[in-house]
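See structure below.
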């Protein structure tokens with residue numbers, strides 16, 4: 001196992017920068033998720049690490065070696081692809097044996113390793129089948145086995161679960177996590193599903209438009225999103241982002257909504273606003289940090305319910321506020337009807353404030 | 001080599017300038033190894049002859065084709081062609097031949113493919129039989145039909161006489177009026193299966209879901225064909241028609257073997273005429289000039305042909 | 001009640017009408033296609049005398065295999081020639097096919113996968129070859145072959161045939177490679193293969209159906225080619241079947257049973273080859289040429 005360092009990595013096509021000055025370190029044995037919407041550069045980054053694409057500039061180090069100019073086969077990596085990329089004409093056994101044959105291992109050792117991997121992944125009975133005779137989950141296992149059998153320095157995984165059905169995906173998610181735990185493997189995992197990243201990864205790198213937005217543990221990213229993009233991308237349902245105007249009333253800082261109401265801020269949050277360069281402030285709040293009242297209370301702002309979605313444990317209410325849609329979760333026994341007048345109270349401790357112009361989180365000092 | 005990489009190390013990249021192109025070529029040098037054999041063969045057998053034909057079209061050569069004795073005559077060969085009566089006759093024949101062969105082959109092939117699309121007993125065998133004419137050699141086909149058209153013992157003539165339609169077997173390929181249509185029938189016989197195969201392949205790509213959706217929306221069989229199936233066949237139809245047109249424009253064997261262009265040039269088309277000028281009458285320069293004219297016409301068609309064939313050129317995948 | 005039943009019956013009747021029209025049409029096409037071939041077979045088993053009668057013998061009164069025996073008898077001069085032509089055709093077509101595959105496969109792969117400068121131009125140039133009739137190239141190629149000392153050799157034919165098989169082969173195979181997921185090669189390269197090994201061990205085996213299709217196409221094209229063979233070859237022992245048969249006919253102008261038998265024998269290999277492997281050909285067309 002090894003650590004992987006990306007240093008000022010660039011991949012450009014003409015004037016288009018698919019990967020733009022990305023630097024990050026994956027420590028030995030760490031599970032890192034590259035997450036972002038499609039086209040954000042996460043798969044390109046993974047392909048650069050794999051050596052499937054030439055880099056434009058920057059350095060990639062795996063272990064102690066700069067691998068910029070090495071062929072994929074010389075980088076000591078294994079990769080699991082979204083469509084599994086199992087060799088259709090080869091049996092499962094031969095699929096697993098292929099990377100070992102390519103490395104010219106003796107036949108009996110290949111046999112031993114293939115059988116060991118098959119045992120670990122519980123697919124000994126599938127060894128003679130062809131990929132097309134396997135279910136999606138089984139194909140996924142074979143793809144994993146083909147990576148595993150090599151004992152590589154780094155595992156690269158490109159959306160390996162996205163072709164599975166929902167139930168299997170959840171199951172494979174925990175298996176992958178267990179797999180990482182048992183092997184202490186270094187894993188770089190690409191996904192567009194923030195939930196996969198949050199549940200499995202030690203660290204997540206949130207990317208957008210070729211740029212690395214934030215690189216931290218899921219808890220930190222969740223609690224302290226660096227900017228509005230990260231805030232809206234991580235968490236489900238998404239964090240509500242409400243554009244407001246900051247002003248001073250009687251010496252106190254308040255945020256004013258488009259409807260004319262104003263929301264006084266706690267002293268901690270006021271200090272943040274004082275540091276901000278702009279009056280345009282975006283208030284970010286997760287559904288669980290907003291309290292819904294059916295009558296007016298102090299420090300609550302008026303809104304109108306739009307839809308009500310009971311899910312069993314919890315009911316999600318969407319409401320219009322200052323031109324934005326706000327998600328609120330309420331206990332299932334709270335009865336709200338569409339178009340009903342409601343009042344929303346924000347938790348000052350857990351609200352996020354963003355600069356409406358730079359879209360960056362506003363810091364307290 | 002070093003100069004190329006040296007240029008590439010220049011700090012700023014000046015867009016798609018010369019150094020960038022060279023560097024690009026150099027970076028992809030290994031890729032060219034894959035296409036090199038194909039390109040070399042093509043160069044020898046295509047580029048050189050084209051150059052040679054253009055060159056020769058400005059000369060008169062002795063019949064022996066002893067090239068050191070050739071005489072430069074400028075555009076005389078071209079002038080001779082454009083002022084000759086045969087030229088216009090042959091051009092008219094070529095147009096009729098190409099147009100009718102293409103349109104009818106395509107129409108028959110298209111209709112056959114549609115009729116074969118529905119499953120029925122014996123469909124596979126019927127399809128196989130219908131394809132055979134396309135596979136057998138044009139030489140064999142020419143002889144088969146020559147025998148069928150035979151002015152004394154031909155089977156079609158015998159049938160017509162037997163049915164009382166004609167008093168005596170018609171002279172299909174020995175009379176000026178009927179020879180060209182008779183040959184076109186042979187040509188279509190060989191070519192409609194090609195259109196049929198292409199359209200059958202195209203029909204397989206029509207999504208069943210769309211047809212079902214149209215059915216649910218209340219479209220009749222004809223409406224489903226017109227609104228769903230036909231638009232899906234547009235690309236393949238274009239390609240097929242172009243391929244047929246080019247093949248027909250370039251036909252040689254059927255008229256050459258069956259009639260040799262006769263009687264009195266009634267079935268000569270461009271290619272047979274050029275061949276006869278060159279290898280029959282040893283007028284190499286005139287034949288070359290003819291070829292150049294042909295070449296220019298084909299380049300024009302070729303522009304559309306390549307555009308139709310490479311319909312995917314815009315979607316560049318990253319690789 | 002009566003109204004609804006007629007309303008329901010009408011559309012079904014229309015569908016039936018279409019179906020009947022299709023059947024009648026297919027019947028006519030079958031006649032058009034099959035009658036010449038059947039007449040060829042019937043003539044080939046008649047005697048020369050029986051073939052030339054008025055009105056014709058619709059069914060051979062005394063069927064005979066004499067024409068076939070003559071063609072296949074190496075002791076007979078006609079048979080010796082015919083077998084020789086057959087052998088020549090076989091050699092030329094096989095060589096053309098093998099070389100064609102060797103050249104077309106890497107080229108098609110490169111056009112499908114690589115983005116090298118000039119790729120589009122070269123691809124168009126290759127496709128353009130199909131535009132030009134043999135006649136344009138005939139005179140200069142004849143001179144070129146004379147200069148290379150290849151006139152009257154099968155080498156001249158193989159080289160020439162290669163070029164007209166290549167464009168369609170490359171085009172069909174490129175479509176085939178376009179449909180093989182690039183991840184398979186990426187996986188192979190990560191598993192330790194070089195780019196070339198990935199091509200050889202993973203992509204090549206997957207493209208076998210496409211290769212078979214292009215091989216059939218090249219073989220049939222070479223087997224049936226006439227103009228170049230007619231121009232480049234004039235020694236009797238070198239001729240291929242189409243030219244040989246033409247020569248045979250110009251010497252025996254009334255031996256129609258013999259000619260039909262020869263036409264039949266000449267068609268058998270390519271027809272059998274095509275019918276056995278046609279599913280690959282249709283598949284290659286569907287995957288390579290028609291889908292976008």
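Chains as they are written, first to last, in full-length UniProt numbering: chain A, 1 to 365; chain B, 1 to 319; chain C, 1 to 292.
Note that CB positions come from ideal geometry on N, CA and C, so glycine has one too.
Values in this document were obtained by computation on a predicted structure and should not be read as measured data.
Amino acids of chain A, ordered along the chain, whose beta-carbon sits closer than 9 Å to that of residue i
i: residue 181(C); result: 81, 83 and 85
i: residue 210(C); result: None at all; the shortest Cβ gap to chain A is about 14 Å.
Residue from the options with nearest C-alpha to residue i
i: residue 17(A); options: 193(A), 327(A) and 212(A); result: 212(A)
i: residue 304(A); options: 356(A), 234(A), 292(A) and 339(A); result: 339(A)
i: residue 204(C); options: 102(C), 45(C) and 265(C); result: 102(C)
i: residue 92(A); options: 310(A), 133(A), 61(A) and 103(A); result: 133(A)
i: residue 281(A); options: 270(A), 160(A) and 290(A); result: 270(A)
i: residue 307(A); options: 285(A), 328(A) and 168(A); result: 328(A)
i: residue 70(C); options: 78(C), 248(C) and 109(C); result: 78(C)
i: residue 38(A); options: 199(A), 244(A) and 193(A); result: 193(A)
i: residue 296(C); options: 213(C), 119(C), 95(C) and 165(C); result: The question about residue 296(C) has no answer, for chain C in this structure spans 1 to 292.
i: residue 247(B); options: 37(B), 94(B), 34(B) and 49(B); result: 94(B)
i: residue 290(B); options: 135(B), 185(B), 42(B) and 55(B); result: 55(B)
i: residue 21(A); options: 158(A), 13(A) and 8(A); result: 8(A)
i: residue 141(C); options: 294(B), 300(B), 137(B) and 278(B); result: 278(B)
i: residue 206(A); options: 28(A), 35(A) and 27(A); result: 35(A)
i: residue 172(C); options: 37(C), 160(C) and 216(C); result: 216(C)
i: residue 302(B); options: 244(B), 52(B), 81(B) and 207(B); result: 244(B)
i: residue 198(B); options: 241(B), 132(B), 282(B) and 231(B); result: 241(B)
Residue burial classification, residue i (beta-carbon count within 10 angstroms, cutoff 16)
i: residue 227(B); result: exposed
i: residue 72(B); result: exposed
i: residue 5(C); result: At residue 5(C), the pLDDT of 46 sits below 50, so the modelled position is not reliable; the number obtained from the coordinates is stated separately. It counts as exposed.
i: residue 200(C); result: exposed
i: residue 61(B); result: buried
i: residue 312(B); result: Residue placement at residue 312(B) is poorly supported in this model, since its pLDDT is 44, which falls under 50; the coordinates still yield a value, given next. Exposed, because fewer than 16 other Cβ atoms sit within 10 Å of the Cβ of residue 312(B).
i: residue 222(C); result: buried
i: residue 166(A); result: exposed
i: residue 109(B); result: buried
i: residue 191(A); result: buried
i: residue 326(B); result: Here chain B comprises residues numbered 1 to 319, so residue 326(B) is not present and cannot be evaluated.
i: residue 31(C); result: exposed
Partners in chain A for residue i, counting only beta-carbon separations shorter than 7 Å
i: residue 36(C); result: Those within 7 Å of residue 36(C) in chain A number zero; the least Cβ separation is about 43 Å.
i: residue 187(C); result: 79, 81 and 85
i: residue 184(C); result: 85 and 87
Partner residues on chain A for residue i, Cβ-Cβ distance less than 8 Å
i: residue 205(C); result: 89
Neighbouring residues, chain B, relative to residue i (Cβ below 7 Å)
i: residue 63(C); result: Within 7 Å Cβ-Cβ: nothing; residue 63(C) doesn't reach chain B, min ~17 Å.
i: residue 91(C); result: The premise fails here: residue 91(C) is roughly 17 Å from chain B at the closest Cβ pair, so nothing lies under 7 Å.
According to DSSP, residues forming a beta bridge with residue i
i: residue 361(A); result: 354(A)
i: residue 65(A); result: 62(A)
i: residue 158(A); result: 190(A)
i: residue 342(A); result: 303(A)
i: residue 13(A); result: 16(A)
i: residue 59(B); result: 72(B)
Residue i: contacting residues in chain F (beta-carbon distance under 9 Å)
i: residue 153(B); result: Here the protein chains are A, B and C, and chain F is not one of them.
Interface residues of chain C facing residue i [CB-CB closer than 8 Å]
i: residue 123(A); result: The contacting residues do not exist; residue 123(A) stays about 18 Å from chain C at best.
i: residue 72(A); result: 186, 189 and 190
Under 7 Å by beta carbon: chain C residues contacting residue i
i: residue 288(B); result: 139
i: residue 99(A); result: 191 and 192
i: residue 24(B); result: 117
Closer than 9 Å at the beta carbon, the chain B residues around residue i
i: residue 224(C); result: 135, 136, 137, 138, 139, 140 and 253
Chain-ordered chain C contacts of residue i [CB-CB under 9 Å]
i: residue 160(A); result: Chain C residues near residue 160(A): none, gap ~12 Å exceeds 9 Å.
Item checked: Whole alpha helix (DSSP H) elements within the segment 148-179 of chain C, 4-residue minimum -> 154-178
Notebook entry, point to check: If you scan the segment 201-275 of chain A from start to end, which runs of the alpha helix (DSSP H) of 4 or more residues do you find wholly inside it?
Noted result: 218-223, 228-233 and 267-275
Note to self: Just to confirm the assignment: which complete alpha helix (DSSP H) runs, minimum length 4, are found wholly within the segment 54-110 of chain C?
What the structure shows: The segment 54-110 of chain C contains these whole alpha helix (DSSP H) runs: 66-72.
Next item on the list: Any chance you could list the alpha helix (DSSP H) runs of at least 4 consecutive residues sitting entirely within the segment 21-59 of chain C, in chain order?
Entry: 48-51
Note to self: Threshold first: 4 residues or longer. Then list the alpha helix (DSSP H) segments lying entirely within the segment 76-161 of chain A, N to C.
What the structure shows: 92-102, 107-120 and 136-148
Margin query: For a minimum of 4 consecutive residues, which ranges assigned as the alpha helix (DSSP H) are wholly contained in the segment 273-310 of chain B?
Written below: Taking 4 residues as the shortest admissible run, the segment 273-310 of chain B contains the following complete alpha helix (DSSP H) segments, listed from N- to C-terminal end: 284-309.
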